[in-house]
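Asker: Under my numbering, residues -12 to 159 are what the sequence shown spells out, in order.
Cβ atoms here follow ideal geometry from the backbone N, Cα and C, with glycine treated the same way.
Here the structure is a predicted model, which is why all the values come from computation and not from measurement.
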Amino acid sequence: MSDFNWYVVHTYSGYENKVKATIEATIENRKIQDQIIEVSVPMQDVVEVKNGVKKTVQKKKFPGYVFVNMIMNDETWYVVRNTRGVTGFVGPGSKPVPLSEAEMQSMGFVEGLQIEIDVEVGDTVEVTSGAWEEVTGIVQSINDTKQTVTIMIDMFGRETPVEIGFADIKKL
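1) Taking 7 Å as the limit between beta carbons, can you name the residues of its chain near I138, skipping five residues before and five after?
2) List the endpoints of the continuous beta strand (DSSP E) containing T70.
3) In angstroms with no decimal places, state the Cα-to-Cα distance between G51 and V67.
4) Note down the Cα distance separating T132 from T63, rounded to an integer number of angstroms.
5) Is it right to say Q92 is buried, meaning 16 or more other beta carbons lie within 10 angstroms of its own, or is it exposed?
6) From the DSSP output, in three-state form, read off F153 for me.
7) Please go through the same chain and pick out, in chain order, the residues whose beta-carbon is closer than 7 Å to the beta-carbon of M(-12), but skip the five residues on each side of it.
8) How many Å lie between I24 and S0 at the Cα?
9) Please list, in chain order, all residues of the same chain as E88 whose beta carbon is under 6 Å from its beta carbon, the five residues on each side excluded.
10) Helix, strand or coil for Q31, going by three-state DSSP, please let me know.
11) Quick one: Cα of V108 to Cα of V53, how far?
12) Are the Cβ atoms of V26 and V55 separated by less than 9 Å?
13) Cα-Cα, which of V136, D110, I140 and E90 is closest to G117?
14) Check whether the stretch -9 to 7 and the stretch 29 to 46 are in contact - that is, three or more C-beta pairs closer than 8 Å.
As structure tokens, this is what we get:
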């Protein structure tokens, strides 16, 4: 059995909670709680002002998307993909691609998970995943709050600063 990963599912707008409820009901019916452990529609508090009155309301953080923490196999793919309101998984050619730790963090999905790194400004690091995988660069700055480092990489013959998550680098 492979590990659990978060996958992003695209839905019709306004169907997010319906999709979540339907998937959760299907998990119960098929008894696959050991394969799909969480279905989430991330919300955030937004202050709205109507007629001069401030009111805090909950809005969807990512309208049109539902996040599913699951083991990807034929059955779970089928259950999610064939849920009414689901248009597909997010990924190239609709091939489901799990979210990386860094992506989860940048979306504020992984609360309080702080990554400690033994990297300092001036160190050489290699990018271990993402668009810049296998690229090496020298750390210019470290942002503990955002959990990123800025490295200089050679792009089109000129040094360009790029921000990379702590989870996606290793010290050389």
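Answerer: Considering the structure as presented:
1) Correct list, in chain order: V112, G124, I125, V126, Q127, V149 and I151.
2) Element bounds for T70: n/a, residue is neither H nor E.
3) 15 Å
4) 35 Å
5) buried
6) helix
7) At M(-12), the pLDDT of 39 sits below 50, so the modelled position is not reliable; the number obtained from the coordinates is stated separately. These residues qualify, in order along the chain: I58.
8) 24 Å
9) A154
10) strand
11) When rounded, the distance between both Cα atoms is 38 Å.
12) yes
13) In terms of Cα proximity to G117, the closest of V136, D110, I140 and E90 is E90.
14) Contact between the stretch -9 to 7 and the stretch 29 to 46 is absent, with fewer than three C-beta pairs closer than 8 Å.
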